[in-house]
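S.K.:
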Amino acid sequence: MRKNRNAETLTRSVGRRNGDQDAYEKSPSITEQQTLSRRNFLAGLGITVAAAGTATTTLGNTSKALTKKSNHQVQWAMVIDTRRCIGCHACTVACKSENDVPLGYSRSWVEYIEKGDFPNVDRSFLPRLCNQCSQPACVDVCPTGATYKRKEDGIVVVDDDICIGCKYCIQACPYDARYLNPITGTVDKCDFCLHRVTQGLEPSCVNTCEGRARIFGNVNDPASEVSKLLAQNSYTVLLKEMGTYPNVYYIDADHADPRDFLYKDRYIRVTTHRKEKLRR
Amino acid sequence: MEQELIWGLPVVGYLFLAGMGAGALITSASMLLRSHGRSAFYRLARYGAIISLPLVGIGVFLLVFELGSFQAGHWFRWINLYKTINLSPMSIGSWLLLLYFFATAPYALTFILPGNGLNDKWKIWRDRLAYVSIALGISVAVYTGVLLGAMPARPLWNSPILAMLFLVSSISTGIAVVLFTDWLVKLLNWDWPARYFNWQNDKNEGYSDATYILAVTDTLLIGLELMVVFLFFMYAHLTVGHVEEAIKVFQLGGELAGPFWIGVVVIGLLIPGLIELIKVFPALIGNGQYVHGGITMLLVPILVITGGFLLRYVIVVGGQIARLAGI
Amino acid sequence: MLNRRDFLKAGAALAGTLGMTRVALAEPPRQLLMGGKDFSRRTGLEREMKPSACWQCVSRCPNVGYVEDGRLVKIEGQINSIRTLGKLCAKGQAGVNQPNDPDRILYPLRRTGKRGEGKWKKISWDEALTEITNYLNKLKDEGNPEKFMFHYGRMKASSSKIIKQFLAAYGTKTIGNHTSICEGGKWTAQEFTWGKHYDNWDFDNARFVLNFGSNLFEAHTNHVSTAQRLVNAINERGVRVVSFDVMLSNTVSKSGEWVPVKPGTDLAAVLAMCHVIMKEDLYLPHGEEFLKFCRVTENVNASMEEKVAALKAHLKDYTPEWAEQQSGVPADKLREIARAFALNYPAVVISYRGAVAHHNGHDCERAIQMLAAITGNIDVPGGRCRAVTPKWKYPHGYPNPPKARKLDVLDGFKGKVMFPTHHISHQVLDVIRDGSQGRPDLYMWYCYQPVYSNPQVQRNIDTLKDEKILPFTVSISPFYDESSALADIILPDATYTERWDWEDMVSPNQIPEYYMRQPLVEPPAEVRDFKDVCIEMAERMGFPLGYRSAKEFFRLSCEMTPSVKKAGGYDYMVKHGVYVDPDDKPLFYQFLKEPPASKLEGDEVLFDSDTGVYWNWKKAHAPGREEAAAKGYTHSKKAYKGYIGQKVGDKVYEAFKPDKINKTGYFELYSALMANKGLPAMPTWHQIPEHININPDEMILTTYKVNVQTHSRTQNCKWLTEIYYENPAWINPATAEQFGIEEGDDIRLTSGMGKIETRARVTPAVYPGIISISNHCGHWEYGRMASGKKTLFSIDDPDYARKWWSENGVHPNWIIPSSPDPVNGQQRWMDTVVKVEKV
Ligand SMILES: Nc1nc2c(c(=O)[nH]1)N[C@H]1C(S)=C(S)[C@@H](COP(=O)(O)OP(=O)(O)OC[C@H]3O[C@@H](n4cnc5c(=O)[nH]c(N)nc54)[C@H](O)[C@@H]3O)O[C@H]1N2
Ligand SMILES: Nc1nc2c(c(=O)[nH]1)N[C@H]1C(S)=C(S)[C@@H](COP(=O)(O)OP(=O)(O)OC[C@H]3O[C@@H](n4cnc5c(=O)[nH]c(N)nc54)[C@H](O)[C@@H]3O)O[C@H]1N2
Ligand code: SF4
Ligand code: SF4
Ligand code: SF4
Ligand code: SF4
Ligand code: SF4
Ligand SMILES: [Mo]
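This is the structure we're talking about:
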């Protein structure tokens, strides 16, 4: 909660400072954005200020968006219907190749949660990726504005021309969704396959999902498949109490965790299938 | 340890040195402002002023060294910190440090430049800058705590009292390092700078007062720090959820229980605290004189400094291995 | 990471093509394109795309590949495929790692040191092929071409055709496969019941799914196509899935119900279910309809009453209570499942290696066929159907091949196994070692690991190493595996991303799909597709196959295959990759087809009254009509080749055409052929001999596959092995306690074959008393990802410097003995009893 208040105040002050509000209301198309970012880019210094602005202003606004006040705005989102997930890891690998993720790091991974006593044992699957939060903890702490939430589609991106690799955002992300790319020296994470989505293509993990458990779309469009699924099903997000307002929604997710008091002295095994053997 | 540390020793070193440097500056300023012409006060103030900058400087270099961009060969990518400002503690911190250097450098200079010491032509500036230094010293010390405190994702750090803890520890280590320097200079009877800048004779007026004041202050600080540590620990332990889970790293059987209890609490706080208390007690209750001897000159400072480092270590490392209580 | 500068380049470069995209994004599309194109993250530019087909496992799903700067960078699903519906599994996605493997073999190699010493020198293709063809010519001139043995593992579709045409033209029939370590037993059992092998499960229409030992959510021979259809059935139609397995595979975890079963006892459970269904007359009505086409008694003309009576009599003692004793599955549970299965028509019973890789596997699969038959779930929508595949036409190779000769080393030791209709590959090396049934001089293997994939690894090594037993050995592989390490010559094959093929895998919805594989990138260095090598060798030895390359073979096949030609032939396939003939409708009820009357008459046609079979004695190569008539259908060698139709009542149907054996055209629940050999004619229970008394310090070892690895073959794929790099032994907590074993302990497993030491994973997700180990890990060669060991040809790769795991698992096959199912020769992977102790 404390977190959110911070975010609010942050929005107001910065929002006023660079008077970005109405620019945002118009929500320009990608191409405008690109030229915009060109100007910024050439402006060198300009860019980061704008970025910082973007980052901070969007925070407030997408939180509005989440309460469906600004439906004109695009917020890409993913619904993961774990009932359909067979834990096949196709998403993990698709992501690795689509985004040249170095060995030992992951933008996406699939956790297995195995629990119970023979013969009443169950194994469930929890695909993980960046939540493209509406109030991204990572953005709050970024000192350079390299990571920010795109106003045109709510995707949280890292600009690797600006990122200094201070790793503050890695610390701040409750979901361990970020890693320092050893090649570029900048931080990387799932960006909803921005380079595909901006070309009208589904993200790579969605396109290969064997169970069609990953559904992608605009959560602010009531007619989109994601909106419908969320309307028709009960769903959860991960670590709600972190106040990040994720845009990755889970249907029937198994939130069981060994550190959860409920599972004291009961068999539960979480396998992350990546270098980090433990959850954050 | 099963996870990799995102922030390693360089960051520990940075938080420690920046804190100690800031502490040294605060010590220096307060010594100066209460010197009333006593050269011992002035000398200690000078040491504080002069060592503060390099300490913080080295700290900052360590931080830059830890940057992914730096390690990937983009030596000057960190400049981006100064192309923008936002409410990220690190952004504010970077600007703060910039200010710190701009203010501390001239302040230190006023001690170095040739002059007749105490009441030379730099005095007014020295005194004015002293006030600024106190403000900046406290800000930097506090910021080192805020930097870590700002993240719910790190329940161990995400506590308002962490900044307090770092502030107190900073000042206490600051005092320690000043005393240590004094001892070191004496030991090596290192007088070439004085001769070179023809600093005015370094007589020892008010030496016992000065050291007494520092000892008393330090005793109080250590007491305060123990209190803060206690609150930090107890509240974490008494709450529920992520924080309660996180504090387990320091509880018996926790990964860092040893370094925390033995290193930080016993070696870094209890022992030096007790020694100093015993030393200052007679003077404190007004029957007897405080004697600044080998133990308080050397042993205490070393213990305090070690404790200060271990504190940053267990907090930085602990915060990263202490995990959230669920998903 | 978003890189603005590059994004701009993209923006500019794509300005033309992106008109639509731009609009789309100002007002974002509701439905994004699923795939079919891809853009470089680095430059934003669209990538070159080619349709092709995966080969990471036997399923061979259609795919598309993307190339950037001449490097294969991305593989994804073929969105126009009716089989995969555009999906690929993790292995398919990781296919990118295959051509880019920095440890792969780039040149033909000749051994310099002792065999297996690891000393090699590069040789030219000319040297290699000259040496091999000279050797082959020598054998041929000496009149024993059969002393050239070719042993393949994974070889399908056009690859199989071309290579076998080469072997035929040369004149050897000493051609081994890997089927007995795979699923040969299942195939033979199906040949005994419904003739041809390979079944398809119609999840799209089924109302109930009953699973015996299939792990189709992780493995299966048609994985992507069937897995997602089952996911749909479960989630969209609420279909109930019950899985019998010894462990909680991902398939089981997603089925509603896990029925833990003692290894090798599924047969008992299935018989009990059949018992319940017959006893309670649940075979009515659908089962009764189908029984008309079943043979249940010696007499092929038995009435329905007689058939029902015979079934009831045979099943009488197989009560659920009895089965509970054998299998540990509660009687009531068996009863309930049996009833539900019978009442939820159409229902499909699925089975795989868990059911068949046992001493009683043959009858287990036959019993499962029986269960499907008596509930009328054979070849019907929603049931268990005979596979449908596209029928490619293709060139026939060298016009007049010699009469081929064959060494008797393929079917195990003489007289040991009754019906090895798919050979006994895992005993080939032992038979050769024994020598009494002959030995090849040149032993050549292709996409196969005689050493590693078979049981009793050490003995395989000893045999393959021994130059007295095998004078000349040649391995064909892109990678330096454990078997290639023991070869005299290694020929570097192209990976599947560098090859031409037409493909023909089974359709999941009974509609054939024509598809193909084309090179996504060119083979590096000296690497060549072995098919092209065969074609060259044929030319060198003077029996040209009539096409100059695998590519040309494919092109000709496109022109010869009516459907494909109609679609636009070669050009169409190369552009689109997949084709479905709109005239092809889903194929069900194939057995109801009636042969044209014309086919039933004529001098070459005989009616066999014992069996009711019409057959063509000429097609069966019988010496003459009288002799054939006298001998009769059943006893004439290869009479099944002349099968025309089966007389059922007063009508003749194509019914269940036999393959490989002279069964009748009926769906045989009663097998006269087995009876003749003194085997039970109907599926009959017997316990796994080794399991009859197990000592308290022993466990039953079962093995299984995982979703991100294929056999011995994919551990070089960094993206897969990063996810699954070691194969701990699963042990139930109760059992672990008895043995004093704890999570992570090192344990020793001992069998007649030797010892292995591996790590314990204590989990309730496995049946008590068994120890379960996957067969993927434990390489000691195969490159850095698989074994940590460099190959002679390793190229530096920054990603390889980041390999973060050191454990590579332990291969279970060291301690699994080679032991065939006595009826069909299937290797009994799941029967081994091992001594287990903490180290
Ligand atoms: N990922 C992946 N997919 C593959 C392959 C691969 O290597 N990896 N290989 C391909 C090939 S060639 C084949 S043949 C197929 C094999 O496909 P499957 O046969 O479906 O897979 P397996 O893992 O061999 O065995 C299936 C299950 O049998 C269970 N089992 C063992 N003993 C028993 C028993 O006594 N009773 C019962 N009810 N179950 C038992 C095992 O626990 C396992 O879960 O997969 C194909 N697809
Ligand atoms: N214990 C146990 N053992 C098993 C099984 C089990 O369930 N349990 N499963 C069995 C089953 S179902 C099967 S089908 C077999 C499969 O075993 P094999 O028939 O041996 O097939 P693979 O292991 O897939 O591949 C064998 C070798 O082919 C080479 N290879 C890889 N790609 C290519 C290529 O593109 N071209 C050529 N020429 N060679 C290539 C590699 O060196 C690889 O090691 O394993 C069996 N082994
Ligand atoms: S998941 Fe983590 S990285 Fe992604 S937006 Fe949320 S806080 Fe940022
Ligand atoms: S690592 Fe990069 S993105 Fe993350 S906080 Fe630092 S500068 Fe921002
Ligand atoms: S959306 Fe793209 S980047 Fe994100 S997990 Fe899926 S594939 Fe990876
Ligand atoms: S691809 Fe789909 S089904 Fe497979 S693990 Fe990922 S989310 Fe689950
Ligand atoms: S199932 Fe997976 S590995 Fe097998 S062919 Fe299909 S995509 Fe390739
Ligand atoms: Mo197989």
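Chains as they are written, first to last, in the numbering used here: chain F, 3 to 282; chain U, 349 to 675; chain G, 163 to 1001.
For every residue, glycine included, the Cβ atom is placed at its ideal position computed from N, Cα and C.
#1: Mind listing, in chain order, the residues whose beta carbon lies closer than 6 Å to a non-hydrogen atom of ligand 6?
#2: Return the CA-CA distance between G739 (chain G) and L415 (chain U), expressed in angstroms with no decimal places.
#3: Under three-state DSSP, which class holds K441 (chain G)?
#4: Using a Cβ-Cβ cut-off of 7 Å, state whether I663 (chain U) counts as contacting chain F.
#5: Closer than 9 Å, Cβ to any Cβ of chain F: which residues of the stretch 882 to 895 of chain G, in chain order?
#6: Taking the straight line between their C-alpha atoms, what separation do you get for C696 (chain G) and L329 (chain G)?
#7: Among F:T210, F:G156, F:T188, F:P145, which one has its Cα closest to the Cα of T200 (chain F)?
#8: With DSSP as the reference, identify every bridge partner of A79 (chain F), one or two as the case may be.
#9: Mind checking E999 (chain G): buried by the 16 CB within 10 Å criterion, or exposed?
#10: Identify whether M606 (chain G) lies in helix, strand or coil by the three-state DSSP scheme.
#11: Which class does I933 (chain G) belong to by DSSP, given the choice of helix, strand or coil?
#12: How do the stretch 612 to 620 of chain G and the stretch 223 to 241 of chain G stand: do at least 3 beta-carbon pairs fall below 8 Å, yes or no?
#13: Ligand 7: which residues have Cβ under 6 Å from any of its heavy atoms, chain order?
#14: Below 7 Å between beta carbons is the criterion; list the residues of the stretch 363 to 390 of chain G that meet it against any residue of chain F, in chain order.
#15: Run through DSSP, which three-state label would F312 (chain G) get?
#16: Do the stretch 519 to 532 of chain G and the stretch 432 to 446 of chain G touch if we need at least three Cβ pairs shorter than 8 Å?
#17: Pick out every residue whose C-beta is nearer than 5 Å to a heavy atom of ligand 5: which are they, in chain order?
#18: Just verifying my parser: in three-state terms, what is the DSSP assignment at G118 (chain F)?
#19: How many angstroms separate the CA atom of G396 (chain U) from the CA atom of L536 (chain U)?
#20: For a cutoff of 7 Å on Cβ pairs, would you count D993 (chain G) as touching chain F?
#21: Measure the alpha-carbon distance for R222 (chain G) versus A92 (chain F) and round it to whole angstroms.
#22: Using the DSSP secondary-structure output, state which residues sit across from I909 (chain G) in a beta bridge.
#23: Taking the alpha carbon of G588 (chain G) as the point to measure from, which residue in G:Q193, G:W363, G:V404, G:T341 has its own alpha carbon closest?
#24: Give me the Cα-Cα distance between S320 (chain G) and A566 (chain G), rounded to the nearest whole angstrom.
#25: Can you list the residues of chain F that E603 (chain U) reaches, using a CB-CB cut of under 7 Å?
#26: Quick one: what's got a C-beta closer than 6 Å to M311 (chain G)'s C-beta in the same chain, skipping five residues either side?
#27: Please classify Q808 (chain G): does DSSP put it in a helix, a strand, or coil?
#28: Given S481 (chain U), which residues of its chain have a CB within under 6 Å of its CB, disregarding the five upstream and five downstream residues?
#29: In chain order, what residues of the same chain lie with their CB nearer than 7 Å to the CB of D570 (chain G), ignoring the 5 residues before and after it?
#30: Sorry if obvious, but does the Cβ on Y251 (chain F) come closer than 6 Å to a heavy atom of ligand 3?
#31: May I ask you to list, following chain order, the residues of the stretch 397 to 411 of chain U that have a beta carbon less than 9 Å from some beta carbon of chain F?
#32: Classify Y866 (chain G) as helix, strand or coil using the three-state DSSP reduction.
#33: Indicate, with yes or no, if ligand 8 has a heavy atom lying under 6 Å from the CB of C344 (chain G).
#34: So the candidates are G:H521, G:L250, G:R203; which of them puts its Cα closest to the Cα of V235 (chain G)?
#35: Starting from the C-beta of T872 (chain G), find all residues in its chain whose C-beta is less than 7 Å away, skip the five residues before and the five after it, and write them out in chain order.
#36: Under 7 Å between beta-carbons, which chain F residues line up against Q255 (chain G)? List them in chain order, please.
M.R.: In terms of the structure at hand:
#1: F:C87, F:I88, F:G89, F:C90, F:H91, F:A92, F:C93, F:V112, F:F127, F:P129, F:C211, F:E212, F:G213, F:A215, F:R216
#2: 48 Å
#3: helix
#4: no
#5: L882, E884, I885, Y886, N894, P895
#6: 9 Å
#7: F:G156
#8: F:G219
#9: exposed
#10: strand
#11: strand
#12: no
#13: G:C216, G:Q218, G:C219, G:S221, G:R222, G:C223, G:L250, G:C251, G:K253, G:G254, G:H385, G:V386
#14: F379, V386, A389, Q390
#15: strand
#16: yes
#17: F:C97, F:R109, F:S110, F:L131, F:C192, F:F194, F:C195, F:P205, F:S206, F:C207
#18: strand
#19: 18 Å
#20: no
#21: 16 Å
#22: G:T920, G:K1000
#23: One point to set straight first is that residue 588 (chain G) is His, not Gly, in the sequence displayed. The candidate whose alpha carbon is nearest that of H588 (chain G) is G:T341.
#24: 21 Å
#25: Per Cβ cutoff of 7 Å: no residues; E603 (chain U) is ~12 Å from chain F at best.
#26: T336, P602, Y605
#27: strand
#28: L373, A377, Y455
#29: Q599, G600
#30: no
#31: L411
#32: strand
#33: yes
#34: G:R203
#35: Q218, C219, K253
#36: A92, V95, A96, S99, T210
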